Every structure is written in C-alpha cells, then in structure tokens.
Amino acid sequence: MSFILQPWHIVLLALSAMIDGERDKAIGYLLMENQVLREKLGKGRILLNDDQRRRLAVKGKVLGGKALHEIVTIVTPDTILRWHRQLVAKKWDYSNRRQSTAGRPRL
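Each number in our numbering comes from the position in the sequence shown (counting from 1) with 57 added on.
Okay, here's the thing in structure tokens:
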C-alpha cells in the first residue's frame, strides 16, 4: 500500500509548524520575564510553601532531568527532583491512615 500525499496533509503540517513556533515564542517570553523578575528580587532567598513546592515538583518530574537543567532558574533541578521523591514517599507511608496510639491507652 503506497502513501499518497493529500493537500490536507500539507495544511496540517504547516499548521503544526506554526503552533510550535508560537509555543517557542511564548516559552522564550516567559523565560525572559522570569529572568527580569529574579533580577528585581535580587539575591534574596525565595521561600516557597508546600503547595508551591508540590506544583513545581509535579511539573518538573514530567519534564525530566535533562530539560530541568536547561530551564530551571529559582531552585536547582536536583531540589525539584528531591521534592518529587519526598512527595512520592509521603504518599506511600500511609500516614493518613495511622491512628494516634502514643501515650497511655484509654480505660
């Protein structure tokens, strides 16, 4: 069975290339915006709450280590991967199912 190139194949290919170009422009802008905001912040330490760490860890794990090394700016890629490992470990330690049995039992 041979493949015959249809006109809509060309349109689809051009459309996908245009979308990728727009996405690259948006990512470039967001990276520059991030850099400007970090310059305004200065050398101050950024303190994140648990929810912010969780969101960064989940998105960072999806990207993978190599991509993280290229784009992560506010913390090191190893920190993001460590946060993800801690999230997974906390999920499977069943701490939410444990009953507090510390101390003397009730009579």
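From the three backbone atoms N, C-alpha and C, an ideal C-beta is built for every residue, glycine too.
The model shown is predicted, which means the values in this text are computed figures rather than measured ones.
- Task: Examine the Cβ distances between the region 95–110 and the region 61–81 and report whether three or more of them are shorter than 8 Å.
- Result: no
- Message: Here's the rule: buried if 16 or more other CB atoms are within 10 angstroms of the residue's CB, otherwise exposed. What is residue 71?
- Response: exposed
- Item | Proximal residues to residue 82 (C-beta, below 8 Å), its chain only, five neighbours per side dropped | none
- Query: In chain order, what residues of the same chain have a beta carbon less than 7 Å from the beta carbon of residue 136, not counting five sequence neighbours either side?
  - Reply: none
- Mark residue 98 as exposed unless 16 or more other C-beta atoms lie within 10 angstroms of its C-beta, in which case mark it buried. exposed
- Thinking C-beta only, is residue 134 closer than 8 Å to residue 144? no
- Item | Helix, strand or coil at residue 162 according to DSSP, with G and I counted as helix | coil
- Task: Measure the C-alpha to C-alpha separation of residue 108 and residue 96 and round it to an integer number of angstroms.
- Result: 24 Å
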